[in-house]
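With my numbering, the residue at position 131 of the sequence shown is 1487, and numbering never jumps. Quick notes on the structure that follows.
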Amino acid sequence: MLRDFFLGFIKVHILHHAALEPVYGLALIQELRRHGYELGPGTLYPVLHALERAGYLARENRVVSGKVRKYYTITPTGLAALEEARRKIRELVSEVLEGVGPTRLPDTEEALSRAESAAGRPRARGFQRRGGRR
Ligand SMILES: [Zn+2]
């Protein structure tokens, strides 16, 4: 599960760097290591290919000291996705790290009975909440 979270963070990270300059695998592995993500080419390359297939990254092969190196640059679609991710990250940071937002979720059961009694139908109680009513 934690791996799922981190793979999402890593994708956003890759898009962020690919928006600043063309990036390649080994440099990304080093940059991600600096951020505390230990991942090898076997994990990174499938992620890069998936981002490319999704149309978020464009690949360009360049020859660097006699070897082909694959550089990735963000596309307009990738940039739009990165912007959307930034909005979600801002929201997440403000709630999870800064405690902005409700401390409790709305009481769904109460809201439902209110809506139903407004509609003139009493609600049948199908379950009992553990620990009784708050
Ligand atoms: Zn970084």
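A virtual CB, placed ideally from N, CA and C, is assigned to each residue, including glycine. Everything numeric in this text was worked out from a predicted model, so none of it was measured.
Exposed unless 16 or more other CB atoms sit within 10 angstroms - verdict on residue i
i	result
Leu1448	exposed
Val1419	exposed
Leu1404	buried
Leu1371	buried
Leu1453	exposed
Ala1410	exposed
Ala1406	exposed
For residue i, the three-state DSSP class (helix, strand or coil)
i	result
Thr1399	helix
Arg1460	coil
Thr1429	strand
Arg1490	Bear in mind that a pLDDT of 47 at Arg1490, under 50, signals an unreliable position, so the model cannot answer this.
His1405	helix
Gly1364	helix
Glu1451	helix
Spatial distance of residue i from residue j (CA atoms)
i	j	result
Thr1431	Ile1366	17 Å
Ser1450	Asp1360	22 Å
Arg1460	Ile1445	20 Å
Arg1490	Ser1469	Low confidence applies here, because Arg1490 scores a pLDDT of 47, under 50, leaving its location unreliable; read the following figure in that light. Computed Cα separation, rounded: 16 Å.
Leu1363	Pro1402	11 Å
Ala1471	Leu1435	42 Å
Lys1426	Gly1392	24 Å
Glu1377	Asp1463	47 Å
Glu1408	Ala1474	52 Å
Ala1374	Pro1458	35 Å
Gly1455	Glu1416	43 Å
Those residues which DSSP pairs with residue i across a bridge
i	result
Leu1413	Ile1430
Val1419	Val1424
Val1379	Tyr1428
Beta-carbon separation (whole angstroms), residue i vs residue j, contact threshold 8 Å
i	j	result
Val1379	Tyr1428	6 Å
His1369	Leu1388	6 Å
Leu1358	Gly1381	Incorrect: roughly 23 Å between the Cβ atoms, too far for contact.
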